[in-house]
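Asks: Just add 155 to wherever you are in the sequence shown, counting from 1, and you've got the numbering used here.
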Amino acid sequence: LAASETVTIPGDPGANGSYAFSIKLEIARNPLPTPLAPNVDVTDSAGKMVRCQFKWAAGASALSVNKSSLSLVNAGTGQTVDVTSNDEWAVS
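1. Got a sec, what are the start and stop residues for the beta strand (DSSP E) residue 171 sits in?
2. Thinking C-beta only, is residue 219 closer than 9 Å to residue 240?
3. Consult DSSP for residue 239 and reduce its assignment to one of helix, strand or coil.
4. Would you give the residue range spanned by the beta strand (DSSP E) that residue 208 belongs to?
5. Is it true that the CB of residue 187 sits closer than 9 Å to the CB of residue 213?
6. Under 7 Å Cβ to Cβ from residue 242, same chain only, skipping five residues before and after it: list those, please.
7. Under 6 Å Cβ to Cβ from residue 163, same chain only, skipping five residues before and after it: list those, please.
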């Protein structure tokens with residue numbers, strides 16, 4: 156994900172003094188089971204860049220099946236179970 160926006164900060168004294176300001180980011184929850192590490196780069200008009208590093212914790216893993224039990228017969232009749240998950244998984 157990359158985004159860029161240029162904003163002039165009203166009342167900014169430039170190199171003559173410091174100026175307090177804030178940046179608000181609204182980011183959706185991490186839907187993945189692994190952490191993400193996005194960066195936010197802030198660059199001033201002189202080209203000086205500051206990188207803010209974040210670590211997004213993994214989202215909660217979820218796995219559900221559509222049957223609470225199965226009755227298997229020795230004839231080998233197949234059965235279908237629907238599995239819903241936000242993780243990678245396999246049956247072996």
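For every residue, glycine included, the Cβ atom is placed at its ideal position computed from N, Cα and C. Here the structure is a predicted model, which is why all the values come from computation and not from measurement.
Replies: In brief:
1. From DSSP, residue 171 is part of no beta strand (DSSP E); its letter is neither H nor E.
2. yes
3. strand
4. 204–208
5. yes
6. 188, 216 and 218
7. none
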